[in-house]
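In the numbering used here, the protein residues as written are 39 to 334. No residue lacks a Cβ here, since even glycine has one placed at the ideal position from N, Cα and C. First up is the structure itself, then whatever we jot down about it.
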Amino acid sequence: MSSSSAFRTAIVPAAGLGTRFLPTTKSVPKELLPVVDRPAIELVAEEAALAGASKLVIVTSPDKASVGEHFQPAPDLESTLEKRGKTELLEKVRRAPGLLDVEVAIQEQALGLGHAVACAEPNLTGADEAVAVLLPDDLILPNGALDAMSAVRERFGGSVLLAIEVPREAVSAYGVFDVDDTDEPDVKRLKGMVEKPAVEDAPSNLIAPGRYLLDRAIFDALKRITPGAGGELQLTDAIALLIAEGHPVHVVVHRGERHDLGNPGGFLKAAVDFALKDPAYGPGLLQWLRGRVAAS
Ligand code: UTP
């Protein structure tokens with residue numbers, strides 16, 4: 039557990055419609071789809087807990103209550119497993135409720151990521167000077183990115199976003215950071231963001247992989263923005279407002295891996311990557327994959 043974390047509360051927005059996973063997401067929230075055997079949101083909650091969060095606010099919609107329920111104890115199931123001596127399974131079942139305190143905030147309608155983050159404000163206390171926001175669509179490996187972001191807030195104040203490099207020719211699919219260098223090679227000062235630029239107009243090849251350490255001032259900024267792209271209240275518009283008002287915002291360039299679970303193709307890669315590292319499934323999967331690839 040991190041001792042110098044800049045935040046105690048992490049917010050996980052999970053109220054989106056998950057249209058890229060239809061028809062599954064008609065009845066199963068994408069945040070509960072298993073990466074090997076653990077739901078994606080449990081992995082993200084664990085990342086927040088390891089970085090020092092003691093409270094997780096899951097923002098979800100009225101019809102996705104099962105996302106919060108994953109973090110509740112299951113006494114009947116636990117006593118059955120106990121009676122049967124299934125200690126390993128019991129540990130797995132108790133893992134999510136044991137990570138940190140989980141509260142659920144409801145976003146009645148999917149009005150955008152900025153709106154979803156704002157829905158968590160009533161769950162904060164006066165002690166929350168900054169909050170971490172983790173998008174459950176993104177897995178960041180190895181752990182430690184939020185610690186690096188906390189250290190940057192300690193040094194520069196304000197808000198800190200995670201960035202990853204993508205190949206220059208891929209920038210047009212993303213919101214791209216416009217940055218200035220600092221005296222640390224992997225820390226940049228954020229000047230703005232450009233949504234889906236043409237390759238030749240892109241200010242950098244740095245994009246946002248869904249990890250934000252936001253000063254409490256973000257909640258005031260969220261009240262002052264108007265709907266942007268897609269008619270949604272965009273978190274990036276509130277961050278842009280803070281930058282315009284002189285609030286320091288930096289990005290930390292992540293040098294590890296990132297999986298995008300938001301679409302089936304990215305999800306499958308993550309599942310295969312995690313399964314290959316799993317002692318129970320890895321060796322068999324690798325052998326099968328080798329044969330499968332050779333046959334294609
Ligand atoms: P996405 O737009 O990537 O997720 O939002 P989505 O809307 O669920 O998926 P698609 O695009 O329809 O396939 C990024 C994150 O923000 C949350 C989503 O749940 C996801 O974790 N989000 C988005 C909200 O909580 N509320 C919103 O209004 C929008």
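Item                                                                                                                          : Value
I281 versus V82 - alpha carbon distance                                                                                       : 27 angstroms
Strand pairing of L252, partner residues [DSSP]                                                                               : V169
Residues of its chain near G195, where Cβ-Cβ distance is below 7 angstroms and the 5 sequence neighbours each way are ignored : P286
Complete runs of the beta strand (DSSP E) confined to the region 145 to 226 [at least 3 residues]                             : 168 to 172, 176 to 179, 197 to 203 and 213 to 219
Nearest-angstrom Cα separation, counted from A91 out to G136                                                                  : 13 angstroms
N- and C-terminal bounds of the alpha helix (DSSP H) containing A112                                                          : Premise fails: A112 is in no alpha helix (DSSP H) and is neither H nor E.
Close beta carbons around A143, own chain, < 6 angstroms, minus the five adjacent residues each side                          : V95, V97, C157, A158 and N161
Host alpha helix (DSSP H) of R328 (start-end)                                                                                 : G320 to A333
Span of the alpha helix (DSSP H) around T47                                                                                   : No alpha helix (DSSP H) holds T47; the beta strand (DSSP E) holding it covers T47 to P51.
Beta-carbon proximity list for V204, same chain, < 6 angstroms, skipping 5 on both sides                                      : N243 and I245
Inter-residue spacing [alpha-carbon to alpha-carbon] between M39 and A189                                                     : Residue confidence is low: M39 scores 45 on pLDDT, short of 50, so the model does not pin down where it sits. No coordinate-derived value is stated.
Same chain, Cβ closer than 8 angstroms to G268, neighbours up to 5 away in sequence not counted                               : G150
Where A87 falls, given that 16 or more other Cβ within 10 Å makes a residue buried                                            : buried
Those runs of the beta strand (DSSP E) which lie wholly inside the region 248 to 320 and span at least 3 residues             : 249 to 253, 287 to 291 and 295 to 298
Whole-Å CB distance - M187 paired with V290, under 8 angstroms assumed                                                        : 5 angstroms
Option in G322, T220, L200 and P223 with minimal Cα separation from G213                                                      : L200
Beta bridge counterpart(s) of R76 as assigned by DSSP                                                                         : V73
Where G54 sits in the DSSP three-state scheme                                                                                 : coil
Contact check, L128 vs L119, beta carbons under 8 angstroms                                                                   : yes
K93: first and last residue of the uninterrupted beta strand (DSSP E) it sits in                                              : K93 to T98
Per-residue DSSP class, three states only, for L60                                                                            : coil
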